[in-house]
């Protein structure tokens, strides 16, 4: 089941996972579903964990940011994060930790300065990471079992961890610092 977190941080069961939104002004948000999880808006000044154990985490199709998380946003899905085309997940987060446990790609747009705690794609899939504003720091490993990675930022990119891909890696940044 999916738990919707109200502005008072009270949990209530959501029976329709077509569009899931949660707002918790100060508390952690945890949303888990066995199928696809389609995001409306998830917002907290703390941390959020979003999991689709047998499906994907998808953009709700609106123009709003899908997740605004001041702390760490942890994404885990079996078959992908976002979709190609206009289905990228738009994320404004302090720290991002993302995993695709099966076969699937990750399509992520980051807004504002972000730290990557880690990104893992365990099956055949590629990473398309676009930093729209701010700086990007890769603090934890990025690992793709089978696929390519395209990481673009309009600001500075600092790479402080391993980036492992089997196909190709393309980094585009205003400035690049590799430690």
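Numbering (the working numbering), first residue to last: 189 to 367.
C-beta atoms are modelled at their ideal positions from N, C-alpha and C, and glycine is treated no differently.
Keep in mind it's a predicted model, so treat the numbers as computed, not measured.
Closer than 8 Å: residue i CB and nearest the ligand ATP heavy atom
i	result
residue 359	Judged by which ligands are present, the structure shown has none, so any question about the ligand ATP falls away.
Buried or exposed (CB count within 10 angstroms, at least 16 for buried), residue i
i	result
residue 354	exposed
residue 337	buried
residue 321	exposed
residue 233	exposed
residue 272	exposed
Distance between residue j and residue i (C-alpha atoms, nearest Å)
i	j	result
residue 332	residue 215	32 Å
residue 259	residue 236	8 Å
residue 303	residue 316	16 Å
residue 291	residue 266	7 Å
residue 244	residue 254	14 Å
residue 318	residue 270	13 Å
residue 218	residue 225	12 Å
residue 366	residue 252	33 Å
residue 305	residue 346	13 Å
residue 356	residue 240	27 Å
Range covered by the beta strand (DSSP E) that runs through residue i
i	result
residue 318	315-319
residue 287	277-288
residue 238	236-240
residue 339	337-341
residue 231	225-232
residue 356	Taken as a continuous stretch (DSSP letters only), residue 356 belongs to no beta strand (DSSP E), as it is neither H nor E.
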